[in-house]
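Colleague: Sequence lines, in order, name chains A and B.
Per my numbering, the first sequence starts with residue 5, numbered consecutively.
Per my numbering, the second sequence starts with residue 5, numbered consecutively.
The beta carbon of each residue, even a glycine, is placed where N, CA and C say it ideally should be.
There are 2 protein chains.
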Amino acid sequence: MNLFPSALDELVEKFASLPGIGFKSAQRLAFYILSLPEEEARSFAGAIITARENVRPCRVCQNLTDAEECAICRSTTRDEGVICVVASPKDVAAIERGHEYNGKYHVLHGVISPMNHIGPDDIKVKELVDRVAGGTVREVIMAMNPDTEGETTAKYISRLLKPFGVLVTRLAYGIPVGASLEFADDATLMRALEGRQEI
Amino acid sequence: MNLFPSALDELVEKFASLPGIGFKSAQRLAFYILSLPEEEARSFAGAIITARENVRPCRVCQNLTDAEECAICRSTTRDEGVICVVASPKDVAAIERGHEYNGKYHVLHGVISPMNHIGPDDIKVKELVDRVAGGTVREVIMAMNPDTEGETTAKYISRLLKPFGVLVTRLAYGIPVGASLEFADDATLMRALEGRQEI
C-alpha cells in the first residue's frame, strides 16, 4: 500500500536529490512545504524558476549576474589590470567582504580534479586566457583553496599565462589571523615559516 | 554593490527559511539549483506546487492523502475497532514498516506543547473524539514519542476518551531490541523494570 500520496513522495525525492540532503531531511522539508500557506509554497516555486531563468554567468568574468555583464565588470572605478581568479561565486563574495581588493575577478566555476573527471575544459580557463590575451591585464592573482586541486589548478593556469608576460601571484599561506600557533597544523606552520616576512 | 543578482538572493532566502537549513546550506542549495538544466529546475518547482495543491489531510484520520479518504481508511480489511494515535504522518509510515499492525490510525499533526503555545485545539484532538463517539471503536493506542509533550498529550486524550468506555493503551516502554543494557539511560531502564513481563 502506498502510504504517502505520490505528489508527496515526488517532492521528497526532489529534495533528496539536492546535495547534502538525506532522505530524512528531505521528508522534513517536504512536510514543511505542505504546512506552508499555498501562496508561500507558490512563491518558493516561483523563486526557483526566476533564479534559474534570470541568473547567468557574466560575459566577461563568469560570475553570476542577471545582466550581460556583472556589476564588478561594469564598474569603471576598479582596476582592470588585476584579475583575481577564484573557483566559485561564493569566493568573490568572501573577498569582497574585506573591502580591500579593487581589481576584477574571474570565476572558474570549479577546479581541475582528475578524481572527479573535471579537466581544464570543464571550467572557465579558456575565458580567462582570452581576457589575459586581450592585453590590459598586468597581474593575475590565484585565489583557489589551498588544497591539492586548488594548487594543481593554479599551477596549470600560471603555466598557460606565462607566454603573455603577466605577473601571476597567489594568496599568501600562513597562520590565520587570531589563530593560535599551538593548534595550527604542520603544513600551515611550514608554509608560514617559508613565507616569513621582515618586520 | 550588490554582489549576487537579486533572484539568487531571493532563492537563498527561501531555502534559508526551511527548517534546519542555515545560510551557508541555503547558498549551496541555491547554487545547485542554478546548475541544474532548466527543465529539472522547473520540475522541482512543479513538484512543490503539485504537492501543496494535491496533498491534504484525510477526512477521517487526518493522515496526508491526495484523495478524500486515505488508503488505510478506505481499506476494508483493516480493523475499524482499533485506532493508533500518532503525532505525525511519518509515525504512520514507521509503524506500517513493521507489517504487524492491522488497525486504523489517527494523525494529530503535533502534540500539546505549552512551551510552543500549542494547545489541544491546535492539533486534531476533536476529530479523534468525534471518531470514538461514533461508537465502532474498542481500543485507542497512544503512540506518541515518549517525552514530556507526548505523555502529556496521551494523558489529556485518554481523559477525554474515558466517558466513551473505550480501552485506552499506550506503546510499551523498555529496552530497544538489539540495544545493550549498559548503554540504556536510567529512565528507560526504570520503565523496563516497571513493565517487566513473565516469561
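Go ahead and pull the three-state DSSP assignment for Arg142/B.
Modeller: Position 138 of the second sequence, counting from 1, holds the residue named residue 142/B. If DSSP states are grouped into helix, strand and coil, Arg142/B belongs with coil.
Colleague: Please find out if some non-hydrogen atom of the ligand MG comes closer than 6 angstroms to the beta-carbon of Gly107/A.
Modeller: This structure lacks the ligand MG; in fact it carries no ligand of any kind.
Colleague: Just list the residues that DSSP pairs Ser117/B with in beta bridges.
Modeller: In the second sequence, counting from the first residue as 1, residue 117/B sits at position 113. Answer is Ile122/B.
Colleague: Should Ala55/B be labelled buried (16 or more other beta-carbon atoms within 10 Å of its own) or exposed?
Modeller: Along the second sequence, read from residue 1 onward, the residue named residue 55/B stands at position 51. By the C-beta density criterion, Ala55/B is buried, having at least 16 other C-beta atoms within 10 angstroms.
Colleague: Pull up the DSSP beta-bridge partners for Cys88/B, would you.
Modeller: Looking up residue 88/B in the second sequence gives position 84. Paired residue(s): Tyr109/B and Ile145/B.
Colleague: For chain A, is any of its Cβ atoms less than 7 angstroms away from the one on Glu42/B?
Modeller: Taking the first residue of the second sequence as position 1, residue 42/B is located at position 38. Against chain A, the CB of Glu42/B has a partner CB under 7 angstroms away; the residue lies at that interface.
Colleague: If contact means a Cβ-Cβ distance below 9 angstroms, which residues of the region 65-96 of chain A contact chain B?
Modeller: Asn67, Leu68, Thr69, Asp70, Ala71, Cys74, Ala75, Ile76, Ser79, Ser92, Pro93, Lys94 and Val96
Colleague: Which word fits Gln66/B, buried or exposed, when buried means at least 16 other C-beta atoms lie within 10 angstroms of its C-beta?
Modeller: Numbered from 1 along the second sequence, position 62 holds the residue referred to as residue 66/B. Counting Cβ neighbours within 10 Å, Gln66/B comes out buried, since at least 16 surround it.
Colleague: Given that Gln4/B touches chain A, what residues does it touch there, using C-beta distances under 7 angstroms?
Modeller: Because chain B spans 5 through 203 in this model, residue 4/B falls outside it and cannot be assessed.
Colleague: In chain order, what residues of the same chain have a beta carbon less than 7 angstroms from the beta carbon of Gln31/A, not counting five sequence neighbours either side?
Modeller: Start at 1 with the first residue of the first sequence, and residue 31/A comes out as number 27. Leaving aside the five residues that flank Gln31/A on each side, the residues in its chain whose CB is nearer than 7 angstroms to its CB run, in chain order, Val16.
Colleague: Which complete alpha helix (DSSP H) runs does the region 9-63 of chain B hold, if anything under 4 residues is left out?
Modeller: 10-20, 27-39 and 42-58
Colleague: Ends of the alpha helix (DSSP H) at Val170/A?
Modeller: Position 166 of the first sequence holds residue 170/A. First-last for Val170/A: undefined, no H or E at that position.
Colleague: Taking Val90/B and Tyr109/B to be in contact with their CB atoms under 8 angstroms, please state how far apart those CB atoms are, rounded to whole angstroms.
Modeller: For the purposes of this step, residue 90/B is taken as residue 86 along the second sequence, with counting starting at 1. For the purposes of this step, residue 109/B is taken as residue 105 along the second sequence, with counting starting at 1. Going by Cβ atoms, the distance from Val90/B to Tyr109/B rounds to 6 angstroms, so yes, they are a contact pair.
Colleague: Residues of chain B with CB closer than 7 angstroms to the CB of Ile37/A, please, in chain order.
Modeller: As a first step, residue 37/A must be located in the first sequence, where it is residue number 33. Per Cβ cutoff of 7 angstroms: Ile52, Ala55 and Arg56.
Colleague: Nearest to Glu155/A by CA position, among Asp190/A, Val141/A, Leu175/A and Pro167/A, is which residue?
Modeller: Position 151 of the first sequence, counting from 1, holds the residue named residue 155/A. The residue among Asp190/A, Val141/A, Leu175/A and Pro167/A with its C-alpha nearest the C-alpha of Glu155/A is Leu175/A.
Colleague: Using a threshold of 7 angstroms, state whether the C-beta atoms of Ala147/B and Cys62/B are closer than that.
Modeller: What you label residue 147/B is simply residue 143 of the second sequence in a count that begins at 1. What you label residue 62/B is simply residue 58 of the second sequence in a count that begins at 1. Cβ distance not < 7 angstroms, so Ala147/B and Cys62/B don't count as in contact.
Colleague: Helix, strand or coil for Asp189/A? Go by DSSP, reduced to three states.
Modeller: Along the first sequence, read from residue 1 onward, the residue named residue 189/A stands at position 185. Residue state, collapsed to three classes: coil.
Colleague: Beta carbon of Ala45/B, beta carbon of Ile37/B: below 7 angstroms?
Modeller: Position 41 of the second sequence holds residue 45/B. Position 33 of the second sequence holds residue 37/B. Yes. Within cutoff.
Colleague: Could you list the residues in the region 118-139 of chain A with a C-beta less than 7 angstroms from some C-beta on chain B, going in chain order?
Modeller: none
Colleague: Of the residues that make up the region 164-187 of chain B, which ones have a beta carbon closer than 7 angstroms to any beta carbon in chain A?
Modeller: none
Colleague: Determine whether the Cβ of Phe251/A lies closer than 7 angstroms to any Cβ atom of chain B.
Modeller: This structure does not reach residue 251/A, given that chain A is present from 5 up to 203, and the question cannot be answered.
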